[in-house]
Amino acid sequence: MAVLEIDGLRKDFGGLAAVDGFSFALEAGQLHALVGPNGCGKSTLFNLITGAFPASGGTVRFDGREITGLASYEIARLGVGRKFQVPAVFDELTVAENLSVPRWPEKRLGLWRQAAAEDVADLLDLIKLADKRDQPAADLSHGERQWLEIGMLLASGARLLLLDEPTAGMTVTETRATADLIKDIASRGEATILVIEHDIGFIRDLGCPVTVMSKGRVLRSGSYDDIRADDEVRELYFGRKH
150 MAVLEIDGLR KDFGGLAAVD GFSFALEAGQ LHALVGPNGC GKSTLFNLIT GAFPASGGTV
210 RFDGREITGL ASYEIARLGV GRKFQVPAVF DELTVAENLS VPRWPEKRLG LWRQAAAEDV
270 ADLLDLIKLA DKRDQPAADL SHGERQWLEI GMLLASGARL LLLDEPTAGM TVTETRATAD
330 LIKDIASRGE ATILVIEHDI GFIRDLGCPV TVMSKGRVLR SGSYDDIRAD DEVRELYFGR
390 KH
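In this text, residue positions in the sequence shown follow our numbering: the first is 150, and each later residue adds one.
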């Protein structure tokens with residue numbers, strides 16, 4: 150079953166179509182990468198999915214429900230979570246407290262359960278920060294802060310993760326660890342993941358289907374090897390035909 154269905158989506162800025170009849174679908178539990186040159190419409194697409202921008206045309210459906218035109222907070226409550234390039238964590242809180250933030254309404258209502266604490270412990274293991282659970286987030290490295298924010302999306306109950314350049318500013322080691330983390334999350338089958346990224350080595354390491362976006366439209370979709378070997382994609386994205 151398709152968790153995310155996009156049909157003829159369009160966003161016009163004056164006379165410019167930043168997203169121009171984009172159609173795409175993601176099956177439940179799928180990990181998929183979206184690549185393309187700067188200005189091709191990738192981030193605008195995420196803004197349309199999450200309700201940050203109103204669409205000029207077309208539809209977006211999540212779990213079979215049309216979400217086109219809903220407010221961002223309504224879309225988030227349905228289970229769509231977005232990670233931006235710059236991590237947004239609470240520096241003054243510990244790592245574990247950051248992961249507990251989405252559950253604080255339960256605490257205030259006296260509904261906090263042992264299962265919630267177990268969920269936090271499980272997420273700490275998943276994002277490889279269990280040994281830093283009581284450290285302030287401000288003390289984490291850049292890569293660790295990125296992983297913490299991904300953990301916070303999962304803690305919020307998001308079932309569709311939109312990751313916008315999750316390796317921006319990372320070291321080579323952190324980038325590889327992030328690829329492993331995203332694959333670990335995908336292997337659990339609890340979340341569907343769409344990743345925007347410019348680092349082609351990272352896309353290769355994800356080992357997932359890839360869609361190439363150009364001028365607001367889908368140019369090609371296929372495996373990493375198929376995309377890498379396509380002459381038009383190589384000319385557009387890699388800057389050469391051969």
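The beta carbon of each residue, even a glycine, is placed where N, CA and C say it ideally should be. These numbers come from a predicted model, not from an experiment.
Three-way DSSP call (helix, strand, coil) for residue i in this model
| i | result |
| --- | --- |
| ILE345 | strand |
| ASP313 | strand |
| PHE171 | strand |
| ALA372 | First, the residue type needs correcting, since residue 372 is Ser and not Ala in the sequence shown. Looking at SER372 - three-state DSSP - the assignment turns out to be coil, as it is neither helix nor strand. |
| ASP162 | Checking the sequence shown, residue 162 turns out to be Phe, not Asp. DSSP places PHE162 in strand when its eight states are reduced to three. |
| VAL235 | coil |
| LEU278 | coil |
| PRO285 | strand |
| THR320 | coil |
Own chain, CB closer than 7 Å to residue i, minus 5 neighbours either side, in chain order
| i | result |
| --- | --- |
| LEU302 | GLY230, LYS232, LEU310 |
| LYS191 | LEU183, GLY185, ILE345, MET362 |
Assigned exposure category for residue i - 16 Cβ within 10 Å defines buried
| i | result |
| --- | --- |
| ASP169 | buried |
| HIS291 | exposed |
| ARG337 | exposed |
| GLY259 | Annotation note: pLDDT 45 at GLY259 (below 50); position unreliable, coordinate value reported separately. By the 10 Å Cβ count, GLY259 comes out exposed. |
| PRO203 | exposed |
DSSP bridge partner residues for residue i (one or two, in chain order)
| i | result |
| --- | --- |
| PHE211 | LEU153, ARG214 |
| THR243 | PRO285 |
Any non-hydrogen atom of the ligand GDP within 8 Å of residue i CB
| i | result |
| --- | --- |
| LEU153 | No copy of the ligand GDP appears in this structure; indeed no ligand is present at all. |
Opening and closing residue of the beta strand (DSSP E) in which residue i lies
| i | result |
| --- | --- |
| VAL359 | 359–363 |
| ALA182 | 180–184 |
Beta-carbon contacts of residue i that lie in its chain and below 6 Å, excluding the five residues immediately before and after
| i | result |
| --- | --- |
| ILE224 | THR199, GLY200, ILE216 |
First and last residue of the uninterrupted alpha helix (DSSP H) at residue i
| i | result |
| --- | --- |
| ASN196 | 191–198 |
| ALA225 | 221–227 |
Chain-order list of residues whose beta-carbon lies under 8 Å from that of residue i (same chain, five-residue window excluded)
| i | result |
| --- | --- |
| PHE171 | ILE155, GLY157, LEU158, ARG159, GLY190, LEU194, GLY207, MET362, GLY365, ARG366, VAL367 |
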